[in-house]
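K.L.:
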Amino acid sequence: MTKEQSLVWASAHFLSTPFPADIFEYGDEDDILEHISEHPWQPFENHSDSDVYDYIEALADDVRRLNPNQTK
44 MTKEQSLVWA SAHFLSTPFP ADIFEYGDED DILEHISEHP WQPFENHSDS DVYDYIEALA
104 DDVRRLNPNQ TK
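As numbered in my numbering, residues 44 to 115 make up the sequence shown, in order.
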């Protein structure tokens, strides 16, 4: 699992609509934060977009650390 794939996977835990698979290929930081702003899961509606991204990134990093044989 690449870092980008793990971020897309983890985003489903914090957003009502996960990141599109190609957001890291074609999007920039503004596109990512805009997607978070437009699709927060209800419990995270009052969190800042950058905080939600930090949560997504932390979960993605943990999954990659727990499954080192599945990383590329």
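Just so you know, even glycine gets a beta-carbon here, dropped at the ideal spot from N, CA and C.
1) When burial is assigned at 16 or more other CB atoms within 10 Å of the CB, is P56 buried or exposed?
2) H82 and S49: beta carbons closer than 8 Å?
3) Hey, is the segment 66 to 80 in contact with the segment 90 to 100, meaning 3+ C-beta pairs nearer than 8 Å?
4) Measure the Cβ-Cβ separation of A64 and L102 and say whether it is below 8 Å.
5) What's the call for R107, buried or exposed, on a 16-neighbour Cβ count within 10 Å?
P.N.:
Straight from the coordinates:
1) Strictly speaking, residue 56 in this sequence is His, with Pro absent from that position. Note on H56: under 16 other CB atoms within 10 angstroms of its CB, so exposed under the neighbour-count rule.
2) In this structure, S49 does not lie closer than 8 Å to H82 by Cβ.
3) Yes: at least three Cβ pairs fall under 8 Å.
4) One thing to note: A64 has its Cβ no nearer than 8 Å to the Cβ of L102.
5) That one is buried.
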